[in-house]
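Following the numbering used here, the numbering of the sequence shown begins with 881 at its first residue and continues without gaps.
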Amino acid sequence: MKKYFLFTIIGLLLISCGGPDKGSSSDETVVEVKDSNIAPDFTLLDLNGQAHTLSDYRGKVVIIDFWATFCRPCIYEIPHFIQFYNEYKDDGLVILGVGLDGKEKLEVFAREKGINYPVLIGDKPTVEKYGVQPIPTTFILDREGEIKDKIIGYAPGYEDTIKASFLELL
């Protein structure tokens, strides 16, 4: 079952790199950034088995980053998130890395890269709620849980965009 889920998520993300899925139904819950847009709540386990519920972070500025270990742009952005967390966690910044690989791969990767913020084990319902296609996809939430920014992909310089977006909210 776990392998089927992993292959399904990886397949969907690889297929989606070419653009939005033309066959998606209109009744799917997909996040769009608008004036009042509370992020869909979720509860996911971290690599230590601890549950993290998004709504528990109200009062903090939250970055949710959907990523995978096989994704080169994801790998390039992670050192920036590590630095942001080091610099701004005491100011109310929370970073939740939602990994889309199996727990074992995520554990090894997080240890090797020195990820210092919670790495959560993603699931299909959460990916679908957020309309994540392709990865990395990063959401920035204000202290009330509203989505204020959505950044798709990564290229050099995106870290400045992400930083400017969350600094405005701290």
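All C-beta atoms in this analysis are idealised placements derived from N, C-alpha and C, irrespective of residue type, glycine included.
Every value quoted in this text rests on a predicted model; they were computed, and no experiment measured them.
Measure the CB-CB distance between residue i and residue j and report whether it falls below 7 Å.
i	j	result
V974	V942	yes
L934	D921	yes
I1020	F989	no
A919	L925	no
N928	E1026	no
K1028	D1022	yes
K940	G972	yes
Y965	Y997	yes
Ordered along the chain, which non-local residues of its own chain (more than five positions away) have a Cβ less than 7 Å from that of residue i?
i	result
I995	I958, I962, G977
Three-state secondary structure (DSSP) at residue i?
i	result
D1003	coil
E1048	coil
K1028	strand
A931	strand
V988	helix
D981	coil
K914	Low local confidence applies: a pLDDT of 49 at K914 is under 50, so the model's placement there is unreliable, with the coordinate-based value given in what follows. Residue state, collapsed to three classes: coil.
F1019	strand
Can a CB atom of chain B be found closer than 7 Å to the CB of residue i?
i	result
I1001	The structure shown has no chain B; it contains just one protein chain.
Mind reading off the beta-carbon distance from residue i to residue j? Whole number of angstroms is fine, and I expect it under 8 Å.
i	j	result
P1049	Y968	Looking at the sequence provided, one finds Leu at residue 1049 rather than Pro. Actually they are not in contact, since the Cβ atoms of L1049 and Y968 sit about 11 Å apart, beyond 8 Å.
Leaving aside the five residues before and after residue i along the sequence, list all residues of the same chain whose C-beta is less than 6 Å from its C-beta, in chain order.
i	result
K985	T949
P1005	none
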